[in-house]
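*Asks:* The sequence shown lines up with residues -19 to -1, 1 to 478 when you count with mature numbering (1 follows the signal peptide of the UniProt record, and there is no 0). Idealized CB from N, CA, C, for every residue including glycine. Sending over a structure as structure tokens; questions will come in a sec.
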Amino acid sequence: MYLTKALGIVVLLGSTALAAIEKRGTACTVTPLSASPKPRVVRRDEGSSGGDLERRSPVGDRYLPGPNGSPEHYPRPEPGSKEALAYAHRPEAPSDVALTDMIAQKQQQDKRDTSAAEAALAAAADDTPQILEAFRQCGKEGSIVFEEGTYNIRQVMNTTDLRNCEIDIYGTFVWSADNLDYWIRRTFPVTYAGRSTAWLLGGTNVTVRGHGRALFNGNGQVWIDRNRSGSNMNGRPISLTVWRGTNVAIDGITWRQSQFWHTFVAHSRNVTMTNLDMNTTSSNSNSAVNTDGFDSWNSRDIFIKNWVVTCGDDCISIKGNSTNVHVQNVTCYESGCACVGSIGSNAGQPDYVDDIVFEDISCHHSSNAAWIKTYPGAGHVRNVTFRNVACDNVNQPIYVTPCTYSGSGCDGSRLAIEDVGWYNVTGTSRYNVAAGMHCSAAAPCRNFRFEGVDIRPLAGGGQAKVLCSNIQNQATMGLACTGACPGNWPQQLSGNR
Ligand SMILES: *[C@@H]1O[C@H](CO)[C@@H](O)[C@H](O)[C@H]1NC(C)=O
Ligand SMILES: *[C@@H]1O[C@H](CO)[C@@H](O)[C@H](O)[C@H]1NC(C)=O
Ligand SMILES: *[C@@H]1O[C@H](CO)[C@@H](O)[C@H](O)[C@H]1NC(C)=O
Ligand SMILES: *[C@@H]1O[C@H](CO)[C@@H](O)[C@H](O)[C@H]1NC(C)=O
Ligand SMILES: *[C@@H]1O[C@H](CO)[C@@H](O)[C@H](O)[C@H]1NC(C)=O
Ligand SMILES: *[C@@H]1O[C@H](CO)[C@@H](O)[C@H](O)[C@H]1NC(C)=O
Ligand SMILES: *[C@@H]1O[C@H](CO)[C@@H](O)[C@H](O)[C@H]1NC(C)=O
Ligand SMILES: *[C@@H]1O[C@H](CO)[C@@H](O)[C@H](O)[C@H]1NC(C)=O
Ligand SMILES: *[C@@H]1O[C@H](CO)[C@@H](O)[C@H](O)[C@H]1NC(C)=O
């Protein structure tokens, strides 16, 4: 590794590799280590002084062919392993032929061996250092362009000190899956429930645009398989965490196979996340739990719009101390869809959720649709609106519980749930229950409002049941209860009730 210094534009050229940060003033353009060589011009500017840039090992001048000739194959094999070498299509040993042929073959062999070694090295090629370097060089009053190609991310990233920075991503970011023990040890704690993340992004006035071309591949299947049937595995990383961000906008990014939650927003304010596409689906019998699309915590003024999410867990989930979150036009598949909670897990520490709007939400083949889950803790959920929620084969569309997961201590919870409206919640439930709502006897739900709730069982048979307990304004809330709802009523049903 060596450092190149230049004035103004700095272009790093190797004889075969062009892994580089090109810098003009505070605008950085990054090319992945795996990028194909292409002619680049070295130009020098007067005036501004460029920073130090590191040139990484000159190995990444081509995509690694997969064993079947596909351009990429994940997870990457361990460098130097049998599998890594197989990637380079090691040729057969030369056969017993004429001397000149042997020499020719030997030369060919040497060439191939070199490419085998290079390919093995490239299997370990890590774009993290140059990505972090670009943030260091251009993350303040600057801009960063990640050009197309595949960026291998093998290390955690902390980019929380950005200021007035515009980031454009045209490439694919792939988080490595052959070093899970590294991730488990090194992911950054995000405090909330002992969770942790692969990438902390924060600062003030930060824009991240993917232009519909950025693809984040977390190699999630490996994590799903690693924690099979388990939940909340320690160290399993949230893909992207907006941490201490103010005025942050994220747009046009596609996620596939996220490691854990796709996004988390914590200790942040004024965060806009638009046109995001997420899909984490298990390809085997291990289920994709903990792959939430979005969770918020200790944050305010969050705007979410135009998302499509397929995940095995909550699609959009508003957690403790979230204020003024507006979620609009989100389509969720195989998920918990629109959710407040869980909150209140620590009775000694109150959790407050205020001023939340979910509107124009579609929930397909999901566990729930418009729901609230709390522990029997402290704090409140206040002023939540669910408007225009279309349900398509949802297990139990409307669900309210003060004792999530345990089903115990339900009537002792003092966490108030009040001023919640469900307007125009329509479509089909999987069974004959539209709503199961049990509020705490110690803190009955107050001021619930329902208008235009029309949920019918998939199998037909008219309106689905509405089960209610301890709703203070039950008689005037706009929806007729058909029966009581026990404290330990399950979040998901397994048949008609
Ligand atoms: C992330 O970087 C900031 C400085 O930029 C530092 O203050 C903070 O401690 C780092 N966080 C972690 C978890 O390393
Ligand atoms: C962030 O942007 C706003 C609006 O453009 C500006 O007033 C503010 O000074 C910026 N903040 C910083 C830290 O530069
Ligand atoms: C999944 O993670 C949980 C929480 O860390 C742990 O208790 C469980 O043993 C893990 N399951 C497997 C199969 O590793
Ligand atoms: C919120 O952030 C956006 C950029 O994402 C910015 O345009 C807007 O001015 C910010 N709002 C406030 C009140 O600072
Ligand atoms: C999500 O991915 C799975 C597996 O590739 C696919 O079957 C499913 O159709 C995708 N969902 C959407 C909404 O595209
Ligand atoms: C809703 O979001 C989807 C997916 O991002 C988008 O295609 C559609 O145009 C959006 N609808 C509106 C009315 O903005
Ligand atoms: C939520 O905010 C309240 C009041 O500001 C604070 O006391 C509490 O510790 C916060 N809860 C969490 C989990 O951070
Ligand atoms: C309820 O929340 C909405 C959305 O944030 C907000 O516009 C409204 O003012 C809030 N109502 C009250 C009474 O605080
Ligand atoms: C009710 O919600 C459905 C589905 O979200 C939507 O298509 C319809 O326009 C809404 N109706 C009104 C009156 O807003």
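So what's Y68 in DSSP terms, helix, strand or just coil?
*Replies:* Its pLDDT being 31, under 50, Y68 is placed unreliably by the model, and the measurement read from it follows with that caveat. Y68 falls in the helix class under three-state DSSP.
*Asks:* What does DSSP give as the partner residue(s) for T255 in the beta ladder?
*Replies:* According to DSSP, which records beta bridges pairwise, T255 is partnered with D232, K286.
*Asks:* Which of the three DSSP states is assigned to G6 in this structure?
*Replies:* Three-state result, G6: coil.
*Asks:* Give the secondary structure of D294 by DSSP, where H, G and I count as helix, E and B as strand, and everything else as coil.
*Replies:* Looking at D294 - three-state DSSP - the assignment turns out to be coil, as it is neither helix nor strand.
*Asks:* By the three-class DSSP mapping on this structure, what secondary structure does F197 have?
*Replies:* If DSSP states are grouped into helix, strand and coil, F197 belongs with the strands.
*Asks:* Counting by C-beta, which residues lie closer than 7 Å to a heavy atom of ligand 2, in chain order?
*Replies:* Any residue whose Cβ sits closer than 7 Å to a heavy atom of ligand 2 makes the list: R144, N145, T185, N186, N228.
*Asks:* Going by alpha carbons, who is nearest to F245 out of S239, S263, F275?
*Replies:* For F245, the nearest C-alpha among the options comes from F275.
*Asks:* If you run the structure through DSSP and keep just helix, strand and coil, what is R368?
*Replies:* Correct three-state label for R368: strand.
*Asks:* Mind checking which residues open and close the alpha helix (DSSP H) that includes Q111?
*Replies:* From DSSP, the alpha helix (DSSP H) with Q111 extends over 109 to 119.
*Asks:* Do N258 and V289 have their CB atoms nearer than 8 Å?
*Replies:* It should be pointed out that residue 258 corresponds to Asp in this sequence rather than to Asn. In contact: D258 and V289 (Cβ atoms closer than 8 Å).
*Asks:* On the DSSP letters alone, give me the boundaries of the alpha helix (DSSP H) that D162 sits inside.
*Replies:* That run of the alpha helix (DSSP H) goes 161 to 167.
*Asks:* As a quick check of your reading: which residues have a C-beta less than 6 Å from at least one non-hydrogen atom of ligand 6, in chain order?
*Replies:* This criterion selects N256, N287, V289, N310.
*Asks:* Checking the sheet assignment: what are the DSSP bridge partners for L143?
*Replies:* DSSP output for L143 lists G184 as bridge partner(s).
*Asks:* Taking 7 Å as the cut-off, is the C-beta of N302 nearer than that to any heavy atom in ligand 8?
*Replies:* Checking every heavy atom of ligand 8 against the Cβ of N302, none is found closer than 7 Å.
*Asks:* Please look up how many angstroms separate the CB atoms of Q240 and W180, rounded, as I've assumed it's under 8 Å.
*Replies:* Not really, about 10 Å apart at Cβ, beyond 8 Å.
*Asks:* What do you get for Q202, buried or exposed, if any count of 16 or more other CB atoms within 10 angstroms of its CB means buried?
*Replies:* Result: buried.
*Asks:* Starting from P438, trace the beta strand (DSSP E) in both directions and tell me its first and last residue.
*Replies:* Its beta strand (DSSP E) spans residues 435 to 438.
*Asks:* Per DSSP, H345 forms a beta bridge with which residues?
*Replies:* Answer is Y314, D373, bridged to H345.
*Asks:* Run through DSSP, which three-state label would Q240 get?
*Replies:* In this structure, Q240 counts as coil in the three-state DSSP scheme.
*Asks:* If you run the structure through DSSP and keep just helix, strand and coil, what is V338?
*Replies:* It is a strand residue.
*Asks:* Decide if the stretch 162 to 171 is in contact with the stretch 184 to 200; the criterion is three or more beta carbon pairs, one per stretch, under 8 Å apart.
*Replies:* Too few Cβ pairs lie closer than 8 Å, so no.
*Asks:* Measuring CB atoms only, is the stretch 366 to 374 touching the stretch 384 to 404, in the sense that at least three cross pairs come out at less than 8 Å?
*Replies:* With the cut-off at 8 Å, the stretch 366 to 374 and the stretch 384 to 404 touch.
*Asks:* Residues around ligand 3, please: the ones whose beta-carbon is closer than 6 Å to some heavy atom of it, in chain order.
*Replies:* My final list is N208, R209, G211, N213, M214, N215.
*Asks:* Measuring from the CB of N260, is there a heavy atom of ligand 5 at a distance below 7 Å?
*Replies:* N260: yes, Cβ under 7 Å from ligand 5.
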